[in-house]
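What follows is one structure encoded as structure tokens, with my remarks underneath.
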Amino acid sequence: RYAIRRGSGGEGRYPGGDGLVREFEFLHPARVTLLTERRYHAPWGLAGGNDGRPGCNRLNGVTLPPKVHFAVTAGDRLCIETPGGGGWGTAEERGSRDAVRGVAE
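The numbering used here numbers the first residue of the sequence shown as 766 and each following residue consecutively.
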């Protein structure tokens with residue numbers, strides 16, 4: 766699966782971008798290395814904007830550390846959720862046109 770992680774970006778006059786979701790099901794045994802960031806600390810918002818949501822790595826539903834090397838077998842499922850970006854400025858600063866756009870997104 767390859768999808769947008771809706772709602773993961775922080776609120777703000779300029780909202781942070783949403784992260785992605787990538788899901789893999791392994792067909793054969795393999796070795797995997799993950800080198801990811803922003804799993805424990807969310808991407809921060811600036812000038813009053815809200816933080817984005819941190820990312821997450823899971824193997825068969827079990828949370829993995831951000832940097833890890835491991836073996837998988839056929840049928841294992843890996844889910845990688847990338848963090849959302851932090852927002853910039855307060856949501857109250859948005860004009861009515863921007864506010865409507867934010868709701869529609």
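The C-beta atom is built at its ideal place from N, Cα and C for all residues, glycine as well.
Since the structure is predicted, the reported quantities are computational estimates derived from the model, not experimental observations.
query	result
Please give me, in chain order, every unbroken run of the beta strand (DSSP E) with length at least 3 that falls completely inside the segment 766-835.	767-770, 784-790, 795-800 and 821-824
Is the beta carbon of residue 824 sitting closer than 8 Å to the one on residue 851?	no
Using C-beta distances below 6 Å, list every residue in its chain close to residue 774, excluding the 5 sequence neighbours before and after it, in chain order.	780, 781, 782, 783, 817, 849 and 850
Less than 8 Å between the C-beta atoms of residue 791 and residue 836, yes or no?	no
Alpha carbon to alpha carbon, how far is residue 803 from residue 771?	17 Å
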